[in-house]
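In UniProt numbering, the protein residues as written are 1 to 266.
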């Protein structure tokens, strides 16, 4: 596993997916000097990536003067039923307003089989899409702030509040293709994806070295000081995950060139 600081730097360095889309605006990051800061975060090893990202965002807030953290991860419960969760309530000192921010960190594969671009950004296992997430933000997560039940949990001036998302993402394009992306930030392009059968048919892949990072390490830049495996060894690992319906992320080393890509089961 890469270090917590490396993971934090990976989170901080990941570009925002968009500026504004479907009337959803982006959180405004202030620049911090990541090389000189100490990161002292204690994270349970079993926490999923999404929860780890929440720790990284909270850590970022400690190093800027613009925002003050007021509430985090507020579960709104009514009659023993969970209506939803509010990620972060901040006070924006620059705008002198309260801020409700929903945190999103995603990995999307660009699937050209869909007619409209907004539908083409899908999760590696096809169980997650950009469109679904945007709709959830717009129709559920943002409106939840203004419900009467939420106001019992969060004490702020609701006439002086604005909302946005901290939506960071990594995009992977089809192997050997360079489609034009119109809706999202092209700086989010991180690598490519390829079907398992095509991967095994490409002769050039057999001469490279590979490493399959733990999901916790996906957020990190590719480290140079890890032990890479041969094609034959990594294929065995890949096929195990494929048999489970999982599309793994792989780090590739070709001499001094490093790449990352997903191998899909679909």
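For each residue, glycine too, the CB sits at the ideal point set by N, CA and C.
Proximity of residue i and residue j at Cβ, strictly below 7 Å
i	j	result
residue 58	residue 164	no
residue 219	residue 10	yes
residue 252	residue 208	yes
residue 242	residue 194	no
residue 99	residue 90	yes
residue 15	residue 166	no
residue 211	residue 228	yes
residue 138	residue 130	no
residue 39	residue 55	no
Run of the beta strand (DSSP E) containing residue i, from where it starts to where it stops
i	result
residue 188	Looking at the DSSP string, residue 188 is not in any beta strand (DSSP E), and its letter there is neither H nor E.
residue 88	81 to 92
Where the alpha helix (DSSP H) containing residue i begins and where it ends
i	result
residue 134	130 to 136
residue 13	4 to 13
residue 199	196 to 201
Identity of the residues DSSP links to residue i by a beta bridge
i	result
residue 260	251
residue 31	Paired residues: none, contrary to the question.
residue 25	20
residue 122	109, 129
residue 97	92
residue 102	165
Buried or exposed by the 16-neighbour rule on C-beta atoms within 10 Å, applied to residue i
i	result
residue 217	buried
residue 133	buried
residue 86	buried
residue 226	exposed
residue 285	Outside the shown range of the chain (1 to 266) lies residue 285, about which nothing can therefore be said.
residue 170	buried
residue 62	exposed
residue 177	exposed
residue 168	buried
Which runs of the beta strand (DSSP E), 3 residues or longer, sit entirely within the region 208 to 244?
Positions of the beta strand (DSSP E) runs, each at least 3 residues long and wholly inside the region 208 to 244, are given as 209 to 211 in order along the chain.
Restricting to runs no shorter than 4 residues, where is the alpha helix (DSSP H) found entirely within the region 37 to 78?
49 to 62
Let me know the alpha helix (DSSP H) ranges lying completely inside the region 139 to 191, each 4 residues or longer, listed in chain order.
none
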